[in-house]
Amino acid sequence: MLTMKYLILSSMIFINTVLSNPITNYTQSHRGCGPFGIDIDTLLAKEGVGSITPCCVQHDQCYSTCGTTRDMCNNDFKNCTTIACKTQQTSSSSKCLKYANILYGITSVLGIPSFDISQAVACNKTSQLG
């Protein structure tokens, strides 16, 4: 059952990312986990792993800080989620780590356009966006 939820979560994020035009639809947002239009935070809260949501906000802020690197932001995100999950009750810690790993993997693979656009906006280079 949990594997099916991971598959659905991954598919939703992938489809939303592929179908959106990140340049024309870009809105700088530090609202939580997942791309704009997908409410992953509610899913995480229902699963009892909402403790990683602040890490998503921090990750968005890192992407939107001029001069940061994608690897730095992603590694900080991974560390933040790992710490957040380890502070949870033992019963939900392993589930939390699974969700954290999925979000990290998706961010690492599909986050390039979001990072590039966030950096262009943060560094006032929007003329390079298309």
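Using mature numbering (1 follows the signal peptide of the UniProt record, and there is no 0), the letters of the sequence shown map in sequence onto residues -20 to -1, 1 to 110. Note that beta-carbon positions come from the ideal geometry of N, C-alpha and C, so glycine has one too.
Point to revise | Selection from I32, D19, Y84, A25 that minimises the alpha carbon distance to A64 | key: Nearest C-alpha to A64: I32.
Review point. Apart from the five residues on each side of it in sequence, which residues of its chain come closer than 8 angstroms, Cβ to Cβ, to T62?
Key: Once the five neighbours on either side are set aside, the close Cβ partners of T62 are L77, A80.
**Study point:** Same chain only: Cβ atoms within 7 angstroms of N1, ignoring 5 sequence neighbours per side
**Key:** At N1 the pLDDT is 43, less than 50, meaning the model places this residue with poor confidence; the figure from the coordinates comes in the next sentence. Same-chain partners within the cutoff: there are none.
Point to revise | Endpoints, the alpha helix (DSSP H) within which K75 is located | key: Annotation for K75: the continuous alpha helix (DSSP H) segment containing it runs 70 to 90.
Check your understanding: Do D56 and Q38 have their C-beta atoms within less than 9 angstroms of each other?
Key -> For D56 and Q38, yes; Cβs fall inside 9 angstroms.
Point to revise | Span of the alpha helix (DSSP H) around N54 | key: 50 to 66 is the span of the alpha helix (DSSP H), which, as asked, contains N54.
Point to revise | Per-residue DSSP class, three states only, for K105 | key: Three-state result, K105: coil.
Review point. Hey, out of C60, A25, R50, C103, whose CA is closest to S94's CA?
Key: Of the candidates C60, A25, R50, C103, the one whose C-alpha sits nearest the C-alpha of S94 is R50.
**Study point:** Nearest residue (CA-CA) to Q68, options N54, L83, G30
**Key:** The shortest Cα separation from Q68 among N54, L83, G30 belongs to G30.
Point to revise | DSSP three-state assignment for D96, whether helix, strand or coil | key: D96: helix per DSSP, three-state reduction.
**Study point:** Delimiting residues of the alpha helix (DSSP H) encompassing C35
**Key:** For C35, the enclosing alpha helix (DSSP H) starts and ends at 33 to 43.
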